[in-house]
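This report concerns only the one structure given below.
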Amino acid sequence: MMTLEKFRVTNFRSVMDSGWIGCEDVTTLVGINEAGKSNLILALWKLNPAREGDIDLLHDMPTKEYTAWRKNPGKYEFITACFQIENSLSAKIAGIAKCSPGVVSNVIITRYFDGEYSIEFPNVADVTAIQSKGVVDILSSALKKINVLEERTQGEAGIKEQSIQALTAAEQLIAGKTELTRGDSADITEKLQVNVKAAAKSEISPVFETAISDIEEEFKVFDAPNPKDAEGVFDLVFKEMPSFVYYSNYGNLDAQIYLPHAVKLVNGESVPGFDNAAKVRTLKVLFEFVNLSPIEVYDLGKNPEPTQGTNPQTRQPQMIEPTATEIEDFASKKEEREIMLQSASSRLTREFAEWWKQGSYKFRLHADGDYFRILVSDDKRPEEIALELRSTGLQWFLSFFLVFLVESKNTHKGAILLLDEAGLTLHPLAQKNLVEFFDGLAMNNQIIHTTHSPFLINTANIDRVKVVYSDNNGLTVCSANLRESDDRLNEKSVYAVHAALGLSVSDILLNGCQPIIVEGVSDQYYLNAIKLFLIRNGKLTPSKEIVFMPSGGCTNKAVNAIASLVCGRNGELPCIILDSDKIGKKAAKSLADDLYKGAQNNIVEVDSVVGFEDSEIEDLMPSFLFVPYLAKLFSHLDDEFKPTSDKAILPQIEEFARNNSVDLEVGWKVSMAKSVKTQLLKEKTEISESIIERWIKLFGTLSGS
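Counted from 1, the sequence shown has number 1661 at position 374 by the numbering used here; the numbering is strictly sequential.
Put into structure tokens, the structure is as follows:
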């Protein structure tokens, strides 16, 4: 299995370079119309479409470049995606390529306008230098051994001097160097190329030859084959790459379906006047979902009719009425059809109720002669009404529910779903339900969806949101920095996020919420993850929505700005969570003496929860959740990072990085927080009772209980 980590669109329609777009189980691309959201997921779809999705040079190449590029499409890539590879698959690839599984734990796949692909394994290190110590030790050891050996025969006279001279020359060549480059390896190899005549029982020659062999082994890293070039690797990666399914038209069901037409459409035959492919697809999945066949429903509902026969007495043609047995058989079939439809109706009603929260709906699938109908009633309107007479939102959600629930489990099992402007006809509360529906689907399929509705943004997982906007040249750009687009047009692109988060804070927006101030974005990720975990496992039932708001620092000024926005009408200050490092301790004292004077209980220091000094928000999490991110961060090192559980983890990571000359990139803490959140919220993640008790204690403190 391969999981999409990020993708990058280049040279595609309005997108010259989107930048890397990180992906989660559910990823939301938000922006105004014409920002280029659709172009991003269309390009990704064409990386490996489950169906259709052919490359169209005329429309897919940037218009201004088409004339120059069309004759050499293989020169230009348009989509690049980075996938994380499941352990069993990376082990299989490593076995073929004869390398470490960690080297092939990620793969980057690129597609070009001529339809061809290339792959890269980003963890393959481009070795430019090695430590000199290994080679120095080999040379020194060989010299010591040869110095005490003697030439065995007259025929090998001079071999000792030649060997010592060659080894000494190589040793002098690298004297004082701590690292050796590819050029050094060539120079050393040249110095050791000595043509000596050794006796059959020579003691000197084996030592010299072993030294040369050992040094060659040291230098092999410069010429190690790239796993991508191993025979069979490309085919295996391509075979295992997830397919992409693109949806922009969801095909609302018709309330009344003519069964003879349904039989033809489901069998792939054409019906005059019925060419809506989306509706045909929805029709097919409806019957599949309820385990019915339209031909079966049609045949079981046929009425007994007179047949053409011959009068046995007059020998004249006459119509023969059905016999009592035949009539009884037809009645039995109709009863069977009715029971089948009742059973299917019950299943549809029951399973739809798990997703739709805007009322209690009851569906009845009814067949009358050649017609199949969908009737709907609810607790407020018990009378049955045809589906097409109910709201467009209900029609859309039912059709959407059927298509995705059926196709994601069958023909698109494991595929990545790309949804373009889903749910626009839904009521805002129904759009919120759609977000929950996405989370359910994401257990089997990653989802990337575009929207400009604030109600389709999950504020508890704001790290999933990327803003899509146009730069000064009118080209599409995508960013995880929700404040990056700064001109008036692009402020509109991110407005939906601002609305969803309540960045323009007021009492109305925060009514019914419990705001809690945290120092930074990474803290927000960790605490949201813990909150969602506890709620999902029945350990937390908050009476108010808990909203974590990063202040951008722990200074009085930063906290003052946020607190003034979110404090209640009575002036009650919100809780604030601070790290217990030196800076956090200083901030806690300063706030307690100033802004929070008299409200010191609203300042929560991490060490009071974790139980050891200098702890930070990260120390609330069990260390194994950090492993995937840190394993990738330090994948090129021989040493393995092993944290000590009773000390703050961040200083340990930073010290390990310094000791191994690893430069930690800007924003690494936020990236790590995202990874930890993803790990924690995986369905089968098991957390010890002691950690869960710690989290319950923290949230109890925050709620004042």
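We put the CB at the ideal spot given by N, CA and C, even for glycine.
Remember, it's a predicted structure, so these values are computed and weren't measured experimentally.
Where residue i falls: helix, strand or coil (DSSP)
i       : result
Leu1743 : helix
Asp1474 : helix
Met1606 : strand
Met2032 : The chain is shown only over 1288 to 1992; residue 2032 falls outside these bounds and no answer can be derived.
His1653 : strand
Gln1595 : strand
Phe1835 : strand
Ala1456 : helix
Thr1828 : coil
Arg1357 : coil
Met1270 : A question about residue 1270 goes unanswered here, because the residues of the chain that appear run from 1288 up to 1992.
Pro1909 : coil
Ile1795 : Note that Ile1795 scores 42 on pLDDT, short of 50, meaning its location in the model is unreliable and no value can be drawn from it.
Thr1738 : strand
Tyr1534 : strand
Ile1626 : helix
Phe1899 : coil
Asn1326 : helix
Gln1682 : helix
Tyr1916 : helix
Ala1673 : strand
Ser1489 : coil
Gln1371 : strand
Ile1983 : helix
Contact set for residue i: own chain, Cβ-Cβ below 6 Å, skip 5 residues either direction
i       : result
Leu1924 : Asn1947
Pro1409 : Asn1393 and Ile1395
Ile1978 : Pro1909
Leu1721 : Gly1710
Gly1646 : Asp1665
Val1959 : It is worth fixing the name first, because residue 1959 is Met in this sequence and not Val. These residues qualify, in order along the chain: Tyr1916.
Phe1725 : Val1313 and Ile1734
Glu1352 : none
Phe1574 : Pro1581
Own chain, CB closer than 8 Å to residue i, minus 5 neighbours either side, in chain order
i       : result
Ile1451 : Leu1430, Ile1433 and Asn1434
Glu1941 : Leu1951
Asn1320 : His1739
Lys1919 : Ser1392, Asn1393 and Asn1410
Ser1387 : Ala1381
Phe1639 : Tyr1648, Phe1650, Leu1685 and Phe1688
Ile1803 : Leu1814, Ile1833, Val1834, Phe1835, Met1836, Pro1861, Cys1862, Ile1863, Ile1864 and Leu1989
Rounded distance between the beta-carbons of residue j and residue i, thought under 8 Å
i       : j       : result
Cys1310 : Glu1339 : Incorrect: roughly 22 Å between the Cβ atoms, too far for contact.
Gln1457 : Ile1475 : First, the amino acid is wrong: residue 1457 is Ala here, not Gln. With 8 Å as the limit, Ala1457 and Ile1475 qualify as a contact, their Cβ atoms being about 5 Å apart.
Ser1766 : Lys1753 : 6 Å
Pro1349 : Arg1300 : 7 Å
Val1572 : Leu1689 : 5 Å
Val1532 : Leu1681 : No, Val1532 and Leu1681 are not in contact; Cβ-Cβ is about 24 Å, not under 8 Å.
Tyr2009 : Phe1294 : Because the chain in this structure spans residues 1288 to 1992, residue 2009 falls outside the shown range and cannot be described.
Val1577 : Ala1631 : 3 Å
Val1317 : Ile1744 : 7 Å
Thr1315 : Arg1981 : Wrong, their Cβ atoms sit about 31 Å apart, outside the cutoff.
Neighbourhood of residue i by C-beta distance below 7 Å, restricted to the same chain and skipping five residues each side
i       : result
Glu1670 : Ser1664
Ile1417 : Glu1466, Leu1467, Glu1505 and Val1508
Leu1762 : Ser1301, Val1302 and Met1303
Tyr1363 : Asn1298, Trp1356, Tyr1399 and Phe1400
Residue i - partner residues in DSSP beta bridges
i       : result
Glu1364 : Tyr1399
Ser1757 : Thr1763
Phe1659 : Ile1544 and Ala1654
Glu1407 : Ile1395
Thr1468 : Ala1416
Gly1309 : Lys1293
Val1752 : Thr1315
Cys1800 : Glu1832
Ser1664 : Lys1649
Ile1890 : Ile1863
Val1302 : Phe1299
heavy atom of the ligand FAD below 7 Å from residue i C-beta
i       : result
Glu1527 : The model on display carries no ligand, and the ligand FAD is accordingly not part of it.
Between the stretch 1953-1970 and the stretch 1890-1899, are three or more C-beta pairs nearer than 8 Å? no
Between the stretch 1504-1514 and the stretch 1672-1680, do at least 3 Cβ pairs fall closer than 8 Å? no
Is it a yes or a no for the stretch 1514-1534 touching the stretch 1374-1390, going by three-plus beta-carbon pairs under 8 Å? In short, these stretches touch, since the Cβ pair count reaches three.
Three Cβ pairs or more, each shorter than 8 Å: is that satisfied between the stretch 1606-1623 and the stretch 1544-1554? Output reads no: the stretch 1544-1554 does not touch the stretch 1606-1623.
Does the structure place the stretch 1862-1871 close enough to the stretch 1903-1921 that three or more beta carbon pairs sit under 8 Å? yes
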